[in-house]
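Enquirer:
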Amino acid sequence: MSVRKRQGVWYRTRKKRNTVNRGEAQTNQGWIMKSKTEYLTFQIKKRMEFRNITPDVERVVLESAVQEGLCLVNAMHITASVFINDDEPGLHRDYKLWLESLAPFDPSPERYHHNRTGEDNADAHHKRQIMGREVVVAITGGRLDFGPWEQIFYGEFDGRRSKRVLVKIIGE
Amino acid sequence: MSVRKRQGVWYRTRKKRNTVNRGEAQTNQGWIMKSKTEYLTFQIKKRMEFRNITPDVERVVLESAVQEGLCLVNAMHITASVFINDDEPGLHRDYKLWLESLAPFDPSPERYHHNRTGEDNADAHHKRQIMGREVVVAITGGRLDFGPWEQIFYGEFDGRRSKRVLVKIIGE
Amino acid sequence: MSVRKRQGVWYRTRKKRNTVNRGEAQTNQGWIMKSKTEYLTFQIKKRMEFRNITPDVERVVLESAVQEGLCLVNAMHITASVFINDDEPGLHRDYKLWLESLAPFDPSPERYHHNRTGEDNADAHHKRQIMGREVVVAITGGRLDFGPWEQIFYGEFDGRRSKRVLVKIIGE
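Protein sequences appear in the order of chains A, B and C. Residues 1 to 172, numbered by this note's numbering, are exactly what the first sequence covers, in order. Residues 1001 to 1172, numbered by this note's numbering, are exactly what the second sequence covers, in order. Residues 2001 to 2172, numbered by this note's numbering, are exactly what the third sequence covers, in order.
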């Protein structure tokens, strides 16, 4: 096999998508990996609040130029969450009451020993475990591959200070 | 350095796995990224039910021909989960009772304000947050890299209508 | 276009990072995928205990030589968790009491039908769903891209036997 032939093979795999459509399935082969990292900063005025960050994440995906890949979005603080659910105010009110019933705010050092450290946010560390730290979203055809109602939220449980969310994209 | 030499270097990294075994660790270098996307559709007859989708995901992994990578499996609807646990009917009965106690079905607009929208599925949005939206599974040697009892489940909390699960694979 | 030119283009994309810094955002293009797999083994003496495994995961990231990518860390057993939170003993005491209140240990076959199989660990299967199976962490500049307090924990809910955690890294 000549260098030319090897090179040609390589060049074709790089420039042409080898795409097979089989029903709803799609396979891509032979692309070079790209990555993109961005940090979003939030200063939420309330102790507990949810903010729709889907437009921010969509912008990062577009800027990455990744066509097929994975997008990780995670809270970088341990009293906050990133989760995917509905952008409906009634549901958000329900979530807040529910989380408060599962892990009530209590600054005393009696219920939560974590608050013996001088913190008052032990409840926030619990709420974050229910709602989760991160989501991983597929990128297909250069876009977040979402169902009809999926929206990404930053969930703050100990607000009134600056916090960051990481968006990391890898793909081709 | 000649083109030939460069090409040779490239060709070798592409064709031969540079695999180092160190105890249980393994490193691979120099492969081109591949991806695969598939959508699984479910119509669960009950309101709440769990279905083992491991064989479906295994099939997609095999078809992807990815040897080393990551496999994302996520519910595309926000009243459903994808989770990994045991395929044991007693445990599934326990999970259903437990989720019902943590977030009871209640179609009235009193307990859940989400149900003021005309929906009756606020409880399902809560149950899904406990069980999670997605799993990310390692692919090693062309297979799902699972412990002895790990099985992937689709968890439906508001069934009797068509819903989709996304399988996204990236790797080499 | 000559083979030489194509080859030169390829060689440059492989050897030089095409890095654009825009505020806190960074984009990398044109690298070849690498992967690394390692299994960590734990034998926890207590039934429920949390162990900080951040140094183990950091070592695997360094050994992978991946500069930009994703690191999956997951429990390979279904009565254990991997989660990210604070390395603070008071909080860990709080988590244990909280998980015990949400899903109490009860070896009888009455509360949990899973224990009709001869197991006594149904509670552990529940606790693991609250705390999660896995975390996915960004790798940026060759390191875990963490906020100030993020630490990775192995959460054991049915200890006194050998269990494994998978670390899978893919990136460039």
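Heads up, the beta-carbon is just placed ideally off N, CA and C, and yes, glycines get one too. It should be emphasised that the depicted structure is a prediction, and the values quoted were computed from it without experimental measurement.
Please report the Cβ distance between histidine 77/A and leucine 2091/C, rounded to the nearest whole angstrom; I am assuming they are in contact, meaning their Cβ atoms lie under 8 Å.
Expert: Translated into positions along the first sequence, residue 77/A becomes position 77. Translated into positions along the third sequence, residue 2091/C becomes position 91. 14 Å between Cβ atoms; not a contact.
Enquirer: Can isoleucine 139/A and leucine 62/A be called in contact, C-beta distance under 8 Å?
Expert: Taking the first residue of the first sequence as 1, we reach residue 139/A at position 139. Taking the first residue of the first sequence as 1, we reach residue 62/A at position 62. The beta carbons of isoleucine 139/A and leucine 62/A sit no closer together than 8 Å.
Enquirer: Select from Tyr2154/C, Arg2161/C, Arg2164/C, Arg2160/C the residue whose C-alpha is nearest the C-alpha of proline 2055/C.
Expert: The sequence position of residue 2055/C within the third sequence is 55, counting from 1. The shortest C-alpha separation from proline 2055/C is found at Tyr2154/C.
Enquirer: If contacts are defined as beta-carbon pairs under 8 Å, then tyrosine 2039/C and leucine 2166/C qualify, I think. What distance do you get, rounded to the angstrom?
Expert: If you number the third sequence from 1, residue 2039/C lands on position 39. If you number the third sequence from 1, residue 2166/C lands on position 166. Sure, about 6 Å apart at Cβ, within 8 Å.
Enquirer: Going along the region 1120-1140 of chain B in order, which residues come within less than 8 Å of chain A, judged by CB to CB distance?
Expert: Close to chain A, meaning a Cβ-Cβ distance shorter than 8 Å, are the following residues of the region 1120-1140 of chain B: Ala1122, His1125, His1126, Arg1128, Gln1129, Ile1130, Gly1132, Arg1133, Glu1134, Val1136.
Enquirer: Is leucine 1097/B buried or exposed, if buried means 16 or more other CB atoms sit within 10 Å of its CB?
Expert: On the second sequence, residue 1097/B is found 97 positions in, with the first residue counted as 1. It counts as exposed.
Enquirer: Would you please verify whether the beta carbon of arginine 116/A is less than 8 Å from any beta carbon of chain C?
Expert: For the purposes of this step, residue 116/A is identified with residue 116 of the first sequence, where counting begins at 1. By this cut-off, arginine 116/A is an interface position.
Enquirer: Quick one, which residues of the region 33-52 of chain A are near chain C if we go by CB-CB under 8 Å, in chain order?
Expert: Met33, Lys34, Ser35, Lys36, Thr37, Glu38, Tyr39
Enquirer: Give a yes or no on whether 8 Å exceeds the smallest Cβ distance from arginine 160/A to chain C.
Expert: If you number the first sequence from 1, residue 160/A lands on position 160. Proximity of arginine 160/A to chain C, defined by a Cβ-Cβ separation below 8 Å, is not satisfied.
Enquirer: Pull out every residue of the region 70-88 of chain A whose Cβ sits closer than 8 Å to any Cβ of chain B, in chain order.
Expert: Leu70, Phe83, Ile84, Asn85, Asp86, Glu88
Enquirer: At what residues does the alpha helix (DSSP H) containing serine 2064/C begin and finish?
Expert: Within the third sequence, the letter at position 64 stands for residue 2064/C. 2054-2064 is the span of the alpha helix (DSSP H), which, as asked, contains serine 2064/C.
Enquirer: Are threonine 2079/C and asparagine 2121/C close, meaning C-beta to C-beta below 8 Å?
Expert: Locating residue 2079/C in the third sequence gives position 79, where the first residue counts as 1. Locating residue 2121/C in the third sequence gives position 121, where the first residue counts as 1. Yes, they are a contact pair.
Enquirer: Note down the Cα distance separating glutamate 49/A from threonine 2117/C, rounded to an integer number of angstroms.
Expert: Stepping through the first sequence from its first residue, residue 49/A is reached at position 49. Stepping through the third sequence from its first residue, residue 2117/C is reached at position 117. So the alpha carbons of these two residues sit roughly 43 Å apart.
Enquirer: DSSP on arginine 111/A, reduced to helix/strand/coil?
Expert: Counting from 1 along the first sequence, the entry for residue 111/A is found at position 111. If DSSP states are grouped into helix, strand and coil, arginine 111/A belongs with coil.
Enquirer: Which residue from Phe2157/C, Gly2142/C, Arg2160/C puts its Cα closest to that of arginine 2059/C?
Expert: By one-based count along the third sequence, residue 2059/C stands at place 59. Arginine 2059/C has its Cα closest to that of Gly2142/C, out of Phe2157/C, Gly2142/C, Arg2160/C.
Enquirer: Does the separation of the CB atoms of glutamate 1172/B and valine 1066/B fall below 8 Å?
Expert: For the purposes of this step, residue 1172/B is taken as residue 172 along the second sequence, with counting starting at 1. For the purposes of this step, residue 1066/B is taken as residue 66 along the second sequence, with counting starting at 1. Result yes, Cβ atoms of glutamate 1172/B and valine 1066/B sit closer than 8 Å.
Enquirer: Taking CB distances under 8 Å as the criterion, tell me whether aspartate 1056/B reaches chain E.
Expert: Within the model displayed, chain E is absent; protein chains A, B and C are what it includes.
Enquirer: Which bits of chain A does tyrosine 1095/B rub up against, with CB to CB less than 9 Å?
Expert: Indexing the second sequence from 1 puts residue 1095/B at position 95. Within chain A, no residue comes near tyrosine 1095/B; the closest Cβ sits about 16 Å away, beyond 9 Å.
Enquirer: Counting only C-beta atoms, is leucine 166/A closer than 8 Å to chain B at any point?
Expert: Numbered from 1 along the first sequence, position 166 holds the residue referred to as residue 166/A. Output row for leucine 166/A: interface = no.
Enquirer: Only counting runs of 4 or more residues, tell me where the alpha helix (DSSP H) segments fall wholly within the region 1116-1153 of chain B, in order along the chain.
Expert: 1122-1131
Enquirer: Does isoleucine 170/A get closer than 8 Å to chain C when you measure Cβ to Cβ?
Expert: As a first step, residue 170/A must be located in the first sequence, where it is residue number 170. Closer than 8 Å to some Cβ of chain C, the Cβ of isoleucine 170/A qualifies, so yes.
Enquirer: Give the residues of chain C in contact with glycine 1090/B, contact being defined as C-beta atoms less than 7 Å apart.
Expert: The count along the second sequence starts at 1 and reaches residue 1090/B at position 90. Ordered by position in chain C, the residues that pass the 7 Å Cβ test against glycine 1090/B are His2113, His2114, Arg2116, Thr2117.
Enquirer: On the DSSP letters alone, give me the boundaries of the beta strand (DSSP E) that glutamate 2038/C sits inside.
Expert: The residue given as residue 2038/C occupies position 38 in the third sequence. Looking at the DSSP string, the run of the beta strand (DSSP E) that includes glutamate 2038/C is 2033-2043.
Enquirer: By a C-beta neighbour count over all protein chains shown, 10 Å radius and 16 as the cutoff for buried, is asparagine 1085/B buried or exposed?
Expert: Mapped onto the second sequence, residue 1085/B falls at position 85. Under this definition asparagine 1085/B is a buried residue.
Enquirer: Quick one: which residues of the region 1143-1154 of chain B get their C-beta closer than 9 Å to a C-beta of chain C? List them in chain order.
Expert: Asp1145, Phe1146, Gly1147, Pro1148, Trp1149, Glu1150, Gln1151
Enquirer: As a quick exercise: from Gln2129/C, Val2137/C, Glu2150/C, Lys2168/C, pick the residue whose alpha carbon is nearest that of glutamate 2156/C.
Expert: Taking the first residue of the third sequence as 1, we reach residue 2156/C at position 156. Comparing Cα-Cα distances from glutamate 2156/C to each of Gln2129/C, Val2137/C, Glu2150/C, Lys2168/C, the minimum goes to Gln2129/C.
Enquirer: Consider the Cβ of glutamate 110/A: report whether some Cβ of chain B lies at a distance smaller than 8 Å.
Expert: For this step, residue 110/A is matched to residue 110 along the first sequence. No, no contact with chain B.
Enquirer: Any beta-carbon of chain C closer than 8 Å to the one on valine 1068/B?
Expert: Residue numbering aside, residue 1068/B sits at position 68 when the second sequence is read from its first letter. Residue identity check: residue 1068/B is glutamate in the sequence provided, not valine. Closer than 8 Å: yes.
Enquirer: Could you pull the DSSP bridge partners for glycine 2171/C from this structure?
Expert: As a first step, residue 2171/C is located in the third sequence; it is residue number 171 there, counting from the start. Bridge partners of glycine 2171/C: Lys2034/C, Gly2069/C.
Enquirer: In or out: arginine 161/A buried (at least 16 other Cβ within 10 Å) or exposed?
Expert: Your numbering for residue 161/A matches position 161 in the first sequence. Counting Cβ neighbours within 10 Å, arginine 161/A comes out exposed, since fewer than 16 surround it.
Enquirer: What's the gap between the Cα of glutamine 2151/C and the Cα of asparagine 2052/C?
Expert: The residue labelled residue 2151/C in the question sits at position 151 within the third sequence. The residue labelled residue 2052/C in the question sits at position 52 within the third sequence. Cα-Cα distance, rounded: 7 Å.
Enquirer: Below 8 Å between beta carbons: does that hold for lysine 34/A and serine 64/A?
Expert: Translated into positions along the first sequence, residue 34/A becomes position 34. Translated into positions along the first sequence, residue 64/A becomes position 64. Contact: yes.
Enquirer: Going by beta carbon distance, what residues of the same chain come within less than 6 Å of arginine 1164/B, once the five residues before and after it are set aside?
Expert: Translated into the one-based positions of the second sequence, residue 1164/B becomes position 164. Here the set comprises Tyr1039, Thr1041, Met1076.
Enquirer: Under the assumption that arginine 2047/C contacts glycine 2132/C (Cβ atoms under 8 Å), give the Cβ distance between them as a whole number of angstroms.
Expert: Position 47 of the third sequence, counting from 1, holds the residue named residue 2047/C. Position 132 of the third sequence, counting from 1, holds the residue named residue 2132/C. Actually they are not in contact, since the Cβ atoms of arginine 2047/C and glycine 2132/C sit about 19 Å apart, beyond 8 Å.
Enquirer: Quick one: Cα of aspartate 1123/B to Cα of isoleucine 1032/B, how far?
Expert: Within the second sequence, numbered from 1, the residue matching residue 1123/B stands at position 123. Within the second sequence, numbered from 1, the residue matching residue 1032/B stands at position 32. So the two alpha carbons sit approximately 44 Å from each other.
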